[in-house]
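Here the structure is laid out as structure tokens; the discussion comes afterwards.
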Amino acid sequence: MVESLAAARISLPFADTQIASIHMGYSHNFFAIDIERLQSVHGSKDHDLLRKVLKDHADDVEDNDAFFEEEIEEGEMPNTATALRQIFEGEIQSNVEGAMYGYALQMIADQMGQLVEGGEYGVGAVRDQPFHSLLLQSGVPISIPLPSDFPEIGFLSRDQISDELQRARNYKHNLGPDSTLTPYQQRMAESEEIIDDVHAYIETLEKAQAIGLGLISFRH
842 MVESLAAARI SLPFADTQIA SIHMGYSHNF FAIDIERLQS VHGSKDHDLL RKVLKDHADD
902 VEDNDAFFEE EIEEGEMPNT ATALRQIFEG EIQSNVEGAM YGYALQMIAD QMGQLVEGGE
962 YGVGAVRDQP FHSLLLQSGV PISIPLPSDF PEIGFLSRDQ ISDELQRARN YKHNLGPDST
1022 LTPYQQRMAE SEEIIDDVHA YIETLEKAQA IGLGLISFRH
């Protein structure tokens, strides 16, 4: 049984795309991207794109492997280059920790998409925000073993962004005695920091909408 990666390690790779967060240093990394095109990478055998990802993210690959050195050596997950190749070949292992595939997918999204950020400090945690988010219901856009902890992955198609924007902008409608939010979410709605986080998420969604693409998130 793979131990919780987050239990031993707080921050994860990709320092260049990480942003300050009110949630123990965790934050979302959002990429505006064509979701269907991203999904088509799985099993595509697009070796040209694979080579570009490996070349352009060589430092990330090295840092990632160093970070997960123990887990790789113990066979709990493949190294980064292997995870990337397996995604492109459609030969993903099912009996390993899914975190490495998640970070490999983030490299692909970074290669194919455009990093988008809202607010002064980015978005800390959509799951703490006082509305029912479609992002949290989507899961991973390709078939990989789910990470036991991080990264938390979610995505929105281009058509879903308008709905998500409406949900976020109308969060106040979810409050009150008839609220379907969890007690935790209702308490969070009283926090100025959480409401700032909602507005940062709204700005992120607006930027993706203006670009005309879907959105994928990697939170760690």
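Residue numbers (the numbering used here): 842 to 1061.
Using N, Cα and C, we set each Cβ at its ideal position, and we do this for glycine too.
Taking C-alpha atoms, which residue in the options lies nearest to residue i?
{"i": "Q978", "options": "Y867, I1057, E877", "result": "I1057"}
{"i": "V981", "options": "L1022, E961, G939", "result": "G939"}
{"i": "I994", "options": "A966, E930, D1019", "result": "A966"}
{"i": "A945", "options": "Y962, P919, S881", "result": "P919"}
{"i": "I1035", "options": "D900, D969, F991, R1010", "result": "D969"}
{"i": "Q1050", "options": "I874, D1038, S935", "result": "I874"}
{"i": "R878", "options": "Y1012, I913, M953", "result": "M953"}
{"i": "E1047", "options": "E1033, Y1025, E1005, S1032", "result": "E1005"}
{"i": "Y867", "options": "L1054, G963, D906", "result": "G963"}
Does DSSP put residue i in a helix, in a strand, or in coil?
{"i": "Y867", "result": "strand"}
{"i": "F908", "result": "helix"}
{"i": "A899", "result": "helix"}
{"i": "I876", "result": "helix"}
{"i": "N1015", "result": "helix"}
{"i": "Y942", "result": "helix"}
Below 8 angstroms between beta carbons: does that hold for residue i and residue j?
{"i": "T1021", "j": "V957", "result": "no"}
{"i": "S989", "j": "I876", "result": "no"}
{"i": "F871", "j": "D951", "result": "no"}
{"i": "F972", "j": "R1008", "result": "yes"}
{"i": "V902", "j": "L891", "result": "no"}
{"i": "E932", "j": "K886", "result": "no"}
{"i": "H898", "j": "F991", "result": "no"}
Along the chain, where does the beta strand (DSSP E) that runs through residue i open and close?
{"i": "I1057", "result": "1055-1060"}
{"i": "V957", "result": "955-957"}
For the alpha helix (DSSP H) that residue i lies in, which residues bound it at each end?
{"i": "Q1050", "result": "1033-1052"}
{"i": "L1022", "result": "Taken as a continuous stretch (DSSP letters only), L1022 belongs to no alpha helix (DSSP H), as it is neither H nor E."}
{"i": "I933", "result": "No alpha helix (DSSP H) contains I933, which DSSP labels as neither H nor E."}
Counting only runs that start and end within the stretch 965-1003, where is the beta strand (DSSP E) found for 3 or more residues in a row? Residue ranges of uninterrupted beta strand (DSSP E) with 3 or more members, entirely inside the stretch 965-1003 and ordered along the chain, are 993-997.
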